[in-house]
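Have a look at the structure below before the remarks.
Protein chains: 2
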Amino acid sequence: MAPSTDTPTYLAVAGVLARSLSSAKPGSRLPSENELARTYGLHRQTARAVLQELERRHLVRRVRGRGTFVASLIDYRVGPGAAPSFSETVRRTGAAPRSETESIRLRAAPAAVRAELELATGAQVYLISRRRFVDDELVGCGDTYLAADLVPDLPRRLHRSASLYEALTEGYDLEPVRAVYRAEVELASERVTRRLGLDAQPWTIATRGIAECARLRRPIEVTAGWLRADVFRLVVEFGGR
Amino acid sequence: MAPSTDTPTYLAVAGVLARSLSSAKPGSRLPSENELARTYGLHRQTARAVLQELERRHLVRRVRGRGTFVASLIDYRVGPGAAPSFSETVRRTGAAPRSETESIRLRAAPAAVRAELELATGAQVYLISRRRFVDDELVGCGDTYLAADLVPDLPRRLHRSASLYEALTEGYDLEPVRAVYRAEVELASERVTRRLGLDAQPWTIATRGIAECARLRRPIEVTAGWLRADVFRLVVEFGGR
DNA sequence: GCTGCCTGGTTGACTAGACAACCAGCACTG
DNA sequence: CAGTGCTGGTTGTCTAGTCAACCAGGCAGC
Numbered sequence: 001m002a003p004s005t006d007t008p009t010y011l012a013v014a015g016v017l018a019r020s021l022s023s024a025k026p027g028s029r030l031p032s033e034n035e036l037a038r039t040y041g042l043h044r045q046t047a048r049a050v051l052q053e054l055e056r057r058h059l060v061r062r063v064r065g066r067g068t069f070v071a072s073l074i075d076y077r078v079g080p081g082a083a084p085s086f087s088e089t090v091r092r093t094g095a096a097p098r099s100e101t102e103s104i105r106l107r108a109a110p111a112a113v114r115a116e117l118e119l120a121t122g123a124q125v126y127l128i129s130r131r132r133f134v135d136d137e138l139v140g141c142g143d144t145y146l147a148a149d150l151v152p153d154l155p156r157r158l159h160r161s162a163s164l165y166e167a168l169t170e171g172y173d174l175e176p177v178r179a180v181y182r183a184e185v186e187l188a189s190e191r192v193t194r195r196l197g198l199d200a201q202p203w204t205i206a207t208r209g210i211a212e213c214a215r216l217r218r219p220i221e222v223t224a225g226w227l228r229a230d231v232f233r234l235v236v237e238f239g240g241r
Numbered sequence: 242m243a244p245s246t247d248t249p250t251y252l253a254v255a256g257v258l259a260r261s262l263s264s265a266k267p268g269s270r271l272p273s274e275n276e277l278a279r280t281y282g283l284h285r286q287t288a289r290a291v292l293q294e295l296e297r298r299h300l301v302r303r304v305r306g307r308g309t310f311v312a313s314l315i316d317y318r319v320g321p322g323a324a325p326s327f328s329e330t331v332r333r334t335g336a337a338p339r340s341e342t343e344s345i346r347l348r349a350a351p352a353a354v355r356a357e358l359e360l361a362t363g364a365q366v367y368l369i370s371r372r373r374f375v376d377d378e379l380v381g382c383g384d385t386y387l388a389a390d391l392v393p394d395l396p397r398r399l400h401r402s403a404s405l406y407e408a409l410t411e412g413y414d415l416e417p418v419r420a421v422y423r424a425e426v427e428l429a430s431e432r433v434t435r436r437l438g439l440d441a442q443p444w445t446i447a448t449r450g451i452a453e454c455a456r457l458r459r460p461i462e463v464t465a466g467w468l469r470a471d472v473f474r475l476v477v478e479f480g481g482r
């Protein structure tokens with residue numbers, strides 16, 4: 001029945017499941033390791049290898065204590081001019097995005113940020129840390145650095161605004177415009193791994209950007225973000241119709 | 242000695258090795274699974290998990306029958322205007338790139354290609370398949386489709402040129418200019434896996450592009466390429482100084 | 001009501017041992 | 001001299017079984 005010559009059984013079974021998975025409902029549950037082993041006559045470790053292979057292909061998500069579930073990737077489209085918005089990206093798929101502010105801290109600017117924002121030594125910045133959710137599941141996090149002297153009393157103002165963008169634009173007349181943007185696929189650092197509530201370092205789409213204010217003609221914002229690569233897929237596009 | 246509370250031993254050992262690996266020479270060999278198991282007092286399967294974890298992080302490459310070797314990633318930089326050249330990218334790292342033509346075939350244009358190149362039904366295209374090497378190791382492959390009527394007698398002409406680009410520019414006065422470009426990280430198809438001489442599907446940086454000819458004012462070339470993601474890393478950049 | 005405990009089911013980690021597939025090098029043979 | 005076959009070492013696959021960590025839900029007791 002299988003066209004296999006001598007492919008390992010765990011790959012053969014993974015292939016069978018992968019094909020049936022393409023028409024499965026995202027979020028639905030797969031058989032457990034023990035069930036799988038029983039129905040295919042394998043040892044549990046082999047059934048495990050099957051599910052791990054599917055996880056490696058980002059076709060399923062495995063949750064300890066609960067089971068294995070059908071995954072679905074969200075395209076994270078990056079192109080010139082269009083700095084992708086997390087909320088927009090998620091909403092387009094029909095899911096519900098949510099951003100949660102972890103903390104707003106006032107601190108001395110790290111050297112790298114100071115250079116990017118053209119600040120004097122000792123200058124202070126606000127560091128805004130956020131967490132990103134899709135359907136109430138934690139899928140990413142991000143940091144934003146803002147020169148403190150440009151946005152006095154930011155925490156309170158931010159409270160009254162729907163978003164940081166709105167606060168900057170309407171509260172301070174500082175509309176930020178993306179100037180430099182960079183994205184890559186990388187393994188999460190230990191710090192990001194912790195923030196995402198995971199114990200093993202996941203692959204992430206890492207983004208870094210600098211935004212300028214047209215009125216002031218200088219950079220005002222440095223951002224860094226990480227999105228789980230088993231939930232999002234990085235797509236780069238230039239040109240097109 | 243380890244700051245671990247109860248991190249799994251395979252992750253702990255992987256951490257130790259990862260740190261020492263950053264200063265190791267790319268290409269040098271790591272201890273074998275058995276050696277590792279002996280020196281750390283583990284079972285071979287656990288030592289195996291250690292090396293597999295390092296492979297997952299793209300820090301090492303494992304070759305059946307030979308051993309485990311220190312890897313090094315090459316940045317594949319993508320930006321507006323600058324369609325990255327495989328040869329340029331590799332040469333910048335000091336390694337030796339090589340491209341090898343697998344085949345040049347004349348065939349009816351597939352529907353998707355026909356649409357992109359604005360060809361009539363039944364029109365013919367040349368399909369040029371290439372393989373990409375770094376220091377004589379197979380790391381990628383690519384396909385190029387060209388409208389056959391624009392490049393009569395292509396196979397012979399290509400023989401006398403250093404590259405396809407040169408043949409198009411000087412042989413036919415058809416300088417191609419990148420119009421649409423797209424890159425993403427994806428699991429290799431079975432076909433690409435075969436062409437890369439692997440048995441398990443690897444992650445790849447997949448690129449797709451359409452090039453136009455300024456003189457003719459129409460698209461003349463469709464390209465698709467795959468580079469192994471355990472050798473290259475996709476980096477997207479806009480703006481900058 | 002609701003807090004805390006227990007229980008059955010799930011994935012995670014580890015040890016034990018076996019055989020297969022593959023590679024490089026070497027000696028031997030024709 | 002070319003090719004064959006052997007051999008030791010390597011990673012790949014698989015079975016067998018154990019304990020741990022975690023989750024959801026049910027249930028008893030406060």
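Protein chains in written order, with this note's numbering: chain A, 1 to 241; chain B, 242 to 482. Quick reminder that beta carbons are idealized off the backbone N, C-alpha and C, glycines included. No experiment lies behind these values; they were computed from the predicted model shown.
Query	Result
Please tell me whether A:R233 and A:D135 are closer than 8 Å, where the distance is taken between their beta carbons.	no
With DSSP as the reference, label A:D75 as helix, strand or coil.	strand
What in chain A is Cβ-close to B:A429, meaning under 7 Å?	Those within 7 Å of B:A429 in chain A number zero; the least Cβ separation is about 10 Å.
According to DSSP, is A:E118 part of a helix, a strand, or is it coil?	coil
Output, in chain order, the set of chain B residues within a Cβ distance shorter than 7 Å of A:G239.	A420, V421, Y422
Is the Cβ-Cβ distance between A:E102 and A:P176 less than 8 Å?	no
Have a look at B:P249 and A:G225 and give me their C-alpha separation to the nearest angstrom.	28 Å
Could you name each continuous alpha helix (DSSP H) segment of 4 residues or more that falls completely within the segment 173-222 of chain A, going from the start of the chain to the end?	190-195
Can you tell me whether B:V472 is helix, strand or coil according to DSSP?	coil
Hey, is B:P325 close to the ligand ATP, as in C-beta under 7 Å from one of its heavy atoms?	This structure lacks the ligand ATP; in fact it carries no ligand of any kind.
Taking C-beta pairs closer than 8 Å, name the residues in chain A that B:R525 reaches, listed in chain order.	With chain B covering 242 to 482 only, the question about residue 525 of chain B has no answer from this structure.
At a Cβ threshold of 8 Å, is B:V319 touching chain A?	yes
Let me know if A:E166 comes out buried or exposed under the rule of 16 or more other beta-carbons within 10 Å of its beta-carbon.	exposed
Using a 10 Å radius around the Cβ and a threshold of 16 neighbouring Cβ atoms, would you call A:G79 buried or exposed?	buried
Is A:V90 close to chain B, meaning its C-beta is less than 8 Å from at least one C-beta of that chain?	no
Using a Cβ-Cβ cutoff of less than 8 Å, which residues in the same chain neighbour B:L379 once the five nearest sequence positions on both sides are dropped?	R372, R373, L437, G438
I need the straight-line Cα distance from B:L277 to A:L54, nearest angstrom please.	28 Å
Provide the residue span of the beta strand (DSSP E) that contains B:T484, from first to last.	Coverage of chain B is limited to positions 242 through 482, which leaves residue 484 of chain B absent and any answer about it impossible.
Kindly list the residues whose CB is nearer than 8 Å to the CB of A:L187, restricted to its own chain and excluding five residues on each side of it in sequence; keep chain order.	Q201, P202, W203, T204
Taking only beta-carbon positions, decide if B:H301 is within less than 8 Å of chain A.	In the sequence as displayed, the identity of residue 301 of chain B is Val instead of His. By this cut-off, B:V301 is not an interface position.
Decide if B:H299 is buried, meaning its Cβ has at least 16 other Cβ atoms within 10 Å, or exposed.	buried
Just confirm the distance between the C-beta atoms of A:I104 and A:L158, as a whole number of angstroms; I'd bet it's less than 8 Å.	7 Å
Look at the alpha carbon of B:T448 and the alpha carbon of A:A120, and state the distance between them as a whole number of angstroms.	42 Å
Quickly, what does DSSP pair A:S103 with across the bridge? List them, please.	A:S129
What residues of chain B sit near A:R19, judged by a beta carbon separation below 9 Å?	Result: empty, since nearest Cβ-Cβ is about 12 Å, beyond 9 Å.
Over the uninterrupted beta strand (DSSP E) stretch that includes A:A18, give me the two end residues.	Counting along the chain, A:A18 falls outside any beta strand (DSSP E), though it belongs to the alpha helix (DSSP H) covering 9-21.
Less than 8 Å between CB atoms is the rule here; does B:R298 satisfy it with respect to chain A?	yes
Which value, in whole angstroms, describes the spacing of the CA atoms of B:Y281 and A:Y10?	29 Å
Tell me the rounded alpha-carbon separation between A:L126 and A:E170.	Note that residue 126 of chain A is Tyr in the sequence shown here, rather than Leu. For A:Y126 and A:E170, the distance between alpha carbons rounds to 18 Å.
Check whether the Cβ atoms of A:R91 and A:P97 lie closer than 8 Å to each other.	yes
Go ahead and pull the three-state DSSP assignment for A:V236.	strand
Starting from B:V477, find everything on chain A with Cβ-Cβ shorter than 8 Å and list it in chain order.	V78, Y181, R182, A183, E184, L234, V236
So, with DSSP's three-state summary, where would you put B:G268?	coil
Rounding to the nearest angstrom, what Cα-Cα distance links B:Y386 and B:S340 in this structure?	17 Å
Would DSSP call B:V375 helix, strand or coil?	strand
Taking buried to mean at least 16 other C-beta atoms within 10 Å of its own C-beta, is B:R203 buried or exposed?	Residue 203 of chain B cannot be examined here, being either before or after the span of chain B that is shown, 242 to 482.
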